[in-house]
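All remarks here apply to the structure that follows.
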Amino acid sequence: MLIGHQPKDFLLAVEALTVSFDGFKAVNDLSFYVEENEIRVIIGPNGAGKTTVLDLICGKTKATSGSIQFRGKELTRLKENEIVQAGVGRKFQTPSVFEDLTVFENLEISYPRGRTVFGSLTFQRDAAVKERVEEVAEMIFLKDRLNTYADELSHGQKQWLEIGMLLIQNPDLLMLDEPVAGMSVSERAKTAELLNRIIKDRSVLVIEHDMKFVEDIAHKVTVLHQGQILSEGTMEKVKTDPKVIEVYLGH
Amino acid sequence: MIINSRFFNRSELIGFVSLLLLLVIILPLALDVFRLNLVAKYLTYAFVAIGLVMCWGYGGILSLGQGVFFGLGGYCMAMFLKLEASSVENTKIQSTPGIPDFMDWNQLTALPFFWKPFHSFPFTLAAIILVPGIFALIVGAAMFKRRVGGVYFAIITQAIAAILGILIIGQQGYTGGVNGITDLRTLLGWDIRTDHAKYILYFVEVALLFGCIIIAQFIRLTKLGRILVAMREQEDRVRFSGYSVANFKIFAFCAAAVFAAIGGAMFTLEVGFMSPSFVGIVPSIEMVIYTAVGGRMSIFGAIYGTILVNFAKTSLSETFPQLWLFGLGALFIAVVLAFPNGLAGIWGDYVQPRIDRLLASRGPKAGNGLVANGAPAE
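The listed protein sequences correspond, in order, to chains H and S. With the first sequence counted from 1, adding 20 to any position gets you our numbering. With the second sequence counted from 1, adding 50 to any position gets you our numbering.
Structure follows, in structure tokens:
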């Protein structure tokens, strides 16, 4: 499609991606590329198809047509767990942690070892696992709550725990759906600090409404509108784009 | 918390030891052989209950068709015993000697091919595990790979129970029909109908039951056990943590099927026959109720629940036969509405804290009554 660009240069290459739900095209002929170590933020009005794009990449929703190449692998043909194993991690909008398990156990389940049935039967909680769990727990401000059941955590702590669960997977592409939504101001600041630390050495795809937060972290911003790209570029460029101001930033 | 590193936590240890005392010492001493044989019959359902705790309690997969696996295990054992009882000398008066009597009555003149391997005892033992295990694997793979779950899965398992029941009744010449496979006498020449044999079988069964308890507890304590719990709550999160959810569900379903089958095989030995009335919808639902009453989250709770409900069933249906089904229904409604975690939940919420307080106040330095994890080291 693009002359002079080989899809392999990119970590993630989404091309002509379309999904239609009973004729309604939630994502319509969408193409975008994410480079290694790039932080890309997707913004756009409600119903623009932002979450659907993440659903398509992680395999939760099957594409009607188009391709998603991740390190040369075609993700549209893989199952969800295979996509995770290929190196794509996904955080959901509402915190989805295992409330009947402790913080330690939540993190341990995400540790990338023993993911088959028999692997998990013979899985040993050895020093490497404990060390890594404690390391991540410290990063997500939950070090002294390792034995707390996740249902006793606050909303913000659950969000951090889920981010920690992704972190322990060590994905090459991290996808976050509104990571600071519903957080208090102080939690928001801590989360921004946390995200700034964990986005090193990997690419991140973030959906977020909080413009200040977006400005803080984004390398590049993609504005979606009705399943298509309205504008793409640096925050500066996007902010001054008259189309973007009209449909999204204006009100 | 040190509890995580131990095989049983304190309340589980109490459950284990008290069950061991009850089944190995108290009941054999207190009951005559007829009543003990009844307990043995109840305990065969406890195997099913352990499987349901794993599959339904931990994994959230409600199967209303455990009777299928109970029945398959039971029928495998019954086929072996029936062939042994149908030796040529024993069946001289039949028009075709050497085949089971019901086949002769149904004008069969040769043993059907799928009966033949059941002449071998090792084959039979393997079949008791493998036939239900593989059947559960096929059903589980067909359902879970397609993401059929919840109520739909429960309904399909119930339909399978109904189908198998109808199939067994319809194929009289091959299965013994509605009467089942009866008149079983010996196991490798050892008469299973004597009082002495009933005692021995009872203890074999109790040993197997504790074996299953330990296996179930082992599975629960591995990461697989925690993934089952995780899956029950947030299936998608497990999937997006890199696990194939379907494979874990299939495993839980197969394990539950194998436990049920061991119970079924023991049932045939203890009771001396196997019939479709233990396969269909009603027994399958009863098994779920035993588990729910005892507590679907607790292995020991489910076993006690099974024993108690069956005991109530026997005593009630001896006096008021028609009332029993209403009683069972009422019990189930009461459990669902008032005590969702069953007897084990009542124990954990009301009895255990009192014991803790009692132990704490007796302890050396019990300042306040809320010492939870300090004193009771014995």
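No residue lacks a Cβ here, since even glycine has one placed at the ideal position from N, Cα and C. It should be emphasised that the depicted structure is a prediction, and the values quoted were computed from it without experimental measurement.
Distance CB(residue i)-CB(residue j) smaller than 7 Å
i	j	result
Phe328(S)	Gly121(S)	yes
Gly275(S)	Ala342(S)	no
Ile59(H)	Ile249(H)	no
Gln116(S)	Met281(S)	no
Cys126(S)	Ile205(S)	no
Ala296(S)	Phe194(S)	yes
Gly110(S)	Met347(S)	no
Gly355(S)	Ala211(S)	no
Gly86(H)	Thr136(H)	no
Glu228(H)	Val104(H)	no
Phe323(S)	Gly200(S)	no
Ile100(S)	Ile349(S)	yes
Phe303(S)	Gly190(S)	yes
Glu182(H)	Lys111(H)	yes
Per-residue DSSP class, three states only, for residue i
i	result
Glu35(H)	strand
Gly86(H)	strand
Gly253(H)	strand
Leu70(S)	helix
Ala212(S)	helix
His239(H)	coil
Val329(S)	coil
Leu98(H)	coil
His245(H)	strand
Met281(S)	helix
Val108(H)	strand
Arg60(H)	strand
Ser294(S)	coil
Val401(S)	helix
Ile219(H)	coil
Ser125(S)	Per the sequence presented here, residue 125(S) reads as Tyr, with Ser not at that position. DSSP places Tyr125(S) in helix when its eight states are reduced to three.
Ile76(S)	helix
CB contact check: residue i to chain S, cutoff 7 Å
i	result
Arg91(H)	no
Asn190(H)	no
Arg297(H)	Absent from the model: residue 297(H). The displayed extent of chain H is 21 to 271, so no value can be given.
Ser130(H)	yes
Phe118(H)	yes
Asn66(H)	no
Arg273(H)	The first residue shown for chain H is 21 and the last is 271, placing residue 273(H) beyond what the model contains.
Arg165(H)	no
Glu158(H)	no
Arg135(H)	yes
Val2(H)	Because chain H spans 21 through 271 in this model, residue 2(H) falls outside it and cannot be assessed.
Leu121(H)	yes
Arg60(H)	no
Glu125(H)	yes
Asn101(H)	yes
Exposure label - residue i; buried when at least 16 CB within 10 Å
i	result
Ala352(S)	buried
Thr260(H)	exposed
Ser116(H)	buried
Ser365(S)	exposed
Gly314(S)	buried
Ser334(S)	buried
Pro150(S)	buried
Trp180(H)	buried
Gln372(S)	exposed
Trp397(S)	buried
Met231(H)	exposed
Ser291(S)	buried
CB contact check: residue i to chain H, cutoff 7 Å
i	result
Ser61(S)	no
Thr272(S)	yes
Val343(S)	no
Ile277(S)	yes
Ala280(S)	yes
Arg119(S)	The sequence given here has Phe at residue 119(S), not Arg. No, no contact with chain H.
Glu283(S)	yes
Phe328(S)	no
Phe290(S)	yes
Arg346(S)	no
Arg412(S)	no
Arg197(S)	no
Arg287(S)	yes
Positions along the segment 292-315 of chain S whose CB lies within less than 7 Å of some CB in chain H: Residues of the segment 292-315 of chain S whose Cβ lies closer than 7 Å to any Cβ of chain H, in chain order: Gly292, Tyr293, Ser294, Asn297, Phe298, Phe301.
Near-chain H residues of the segment 180-193 of chain S - C-beta to any C-beta below 7 Å: Those residues of the segment 180-193 of chain S placed with their C-beta closer than 7 Å to a C-beta in chain H do not exist.
Members of the segment 140-154 of chain H near chain S, C-beta cut-off 7 Å: Residues of the segment 140-154 of chain H with a C-beta atom less than 7 Å from some C-beta of chain S are Ser140, Leu141, Phe143, listed in chain order.
Residues of the segment 215-241 of chain S with Cβ closer than 8 Å to any Cβ of chain H, in chain order: Those would be none; no residue qualifies.
Chain H contacts made by the segment 368-389 of chain S, where a contact means CB separation under 9 Å: Within the segment 368-389 of chain S, no residue has a Cβ that lies closer than 9 Å to any Cβ of chain H.
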